[in-house]
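Structure record follows, encoded as structure tokens.
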Amino acid sequence: MIFLCSDWASYVSGTMLYADYGVTVEKDAGFKPYQNPYFTEQTVQKEQGIIGQEIKMYEDDADWRALLGMLEGMYANNPVRKDIAGTVDSIAEITPEMLYDIHKVFYHPSNTVLCICGKVDPDEVKKVCDECLEYYPKTDIDLPDIYEPENVNEKRVVTKLKIGMPQFALGIKEALPEKEDDDLKRSAEHAIILQLLFGSSGEFYCDNYESGLISDRFSYSYYNSRDWSYISIEGVADDPDKVAEAVKNEIAKRKNTFFTKEEFLEALGHNMGPVEIVWELAYTKFTATIE
1034 MIFLCSDWAS YVSGTMLYAD YGVTVEKDAG FKPYQNPYFT EQTVQKEQGI IGQEIKMYED
1094 DADWRALLGM LEGMYANNPV RKDIAGTVDS IAEITPEMLY DIHKVFYHPS NTVLCICGKV
1154 DPDEVKKVCD ECLEYYPKTD IDLPDIYEPE NVNEKRVVTK LKIGMPQFAL GIKEALPEKE
1214 DDDLKRSAEH AIILQLLFGS SGEFYCDNYE SGLISDRFSY SYYNSRDWSY ISIEGVADDP
1274 DKVAEAVKNE IAKRKNTFFT KEEFLEALGH NMGPVEIVWE LAYTKFTATI E
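Okay, structure coming up:
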């Protein structure tokens, strides 16, 4: 199984065999195709047809079109604004030679993180990796520096689709940290803050759900990488503009009237389980985040 994002690809596989034999199977089934791909005109053309059909399918997917419209509105130059699948025209330009060149640059062991879960012996795993990973020189290229302004590209993007109710994706574009940050820590902080602001047991959600402004499809997420960082708030509503206004008002309100310590600890437990934390630091971090 493959999961794709704007800046990474994840290959997931599993086995029900005994751990030592399972790792050996992974050596043959997982590593070798990754390190030694095989592309021909025929295989590329076949995949172009399959991917082309998937691209057309997503053109009618309201969730995806709303998210993509949000990214195009927030980012002017960053590649995250583009559909990771490409377009029917762009994938038609792919050749086997192009794929081999891309593989040499990006599909290198130094760009890889291996995660194995189960009853395995770490030393045995390392031994198998040393046996099957071929260490070869990495082909480096100069990637262009992309200037992305701090302000949003377009405040509103509208896409017309035949759907029963308007769908929205509200984006909050964040400035990248000035120095290298702890991604896990940053993600945890955002998870807690978003739970406080928009969680299903909170004041905002309950009040606006009861009034009919939002539905049970209301959701929120935080995404970040070394090149982009944003919050996405999504759902369906008769009046998405009113939802956007309510979201802005809630953030402004909480900047001046923060949550109680009990509410904060409840949100903390929802995301991370019981953890001791300094209360004053939570308020300071929230204020800095929403400036």
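To convert, note that position 90 of the sequence shown is 1123 in the working numbering; the numbers rise steadily by one, no gaps. Positions of the beta carbon are idealized from the N, C-alpha and C atoms, including for glycine.
In the three-state DSSP reduction, residue 1297 falls in the helix class (H, G or I). Around the C-beta of residue 1234, fewer than 16 other C-beta atoms lie within 10 Å, and the residue is accordingly described as exposed. Counting every other CB atom within 10 Å of its CB across the protein chains shown gives residue 1302 a total below 16, marking it as exposed. For the pair residue 1202 and residue 1298, the CB atoms are not nearer than the 9 Å cut-off. Buried is the label assigned to residue 1262, since at least 16 other Cβ atoms lie within 10 Å of its Cβ.
The C-alpha of residue 1223 lies about 7 Å from the C-alpha of residue 1255. Put simply, the backbone Cα of residue 1246 is about 25 Å away from that of residue 1093. The stretch 1151 to 1160 makes no contact with the stretch 1122 to 1132; the number of CB pairs closer than 8 Å stays below 3.
In the structure shown, residue 1206 adopts extended strand secondary structure according to DSSP, grouped into three states. Rounded to the nearest angstrom, the gap between the Cα atoms of residue 1103 and residue 1161 is 44 Å.
By the criterion of a C-beta distance shorter than 6 Å, residue 1269 is surrounded in its chain by 1198, 1200, 1248 and 1250, once the five residues flanking it on both sides are discounted. Less than 9 Å separates the beta-carbon of residue 1259 from that of residue 1209.
If you draw a straight line from the Cα of residue 1206 to the Cα of residue 1274, it comes to about 18 Å. Using a Cβ distance threshold of 9 Å, residue 1241 and residue 1279 count as a contacting pair. For secondary structure counted as the alpha helix (DSSP H) over 4 or more consecutive residues, the stretch 1072 to 1116 holds these complete runs in sequence order: 1074 to 1091 and 1095 to 1107. Contact annotation: the stretch 1135 to 1147 touches the stretch 1169 to 1180, with at least three C-beta pairs closer than 8 Å. Taking the Cα of residue 1183 as reference, the smallest distance to any Cα among 1116, 1196, 1108 and 1147 is reached at 1108. Taking all protein chains shown into account, residue 1133 has fewer than 16 neighbouring C-beta atoms within 10 Å of its C-beta and is therefore exposed. Comparing alpha carbon positions, the residue from 1238, 1168 and 1153 closest to residue 1069 is 1168. In the three-state DSSP reduction, residue 1181 falls in the coil class, being neither helix nor strand. For the options 1231, 1290 and 1295, the alpha carbon positioned closest to that of residue 1267 is the one of 1231. Taking the Cα positions, residue 1076 is about 14 Å away from residue 1085. For residue 1186, the secondary structure class from DSSP, reduced to helix, strand or coil, is coil. Within the same chain, and ignoring the five residues on either side of residue 1187 in sequence, the residues whose Cβ sits closer than 6 Å to its Cβ are 1106. The C-alpha of residue 1290 lies about 36 Å from the C-alpha of residue 1192. Distances from the alpha-carbon of residue 1283 to those of 1229, 1142, 1117 and 1041 put 1229 closest. Residue pairing for residue 1253: DSSP places it in a beta bridge opposite 1266.
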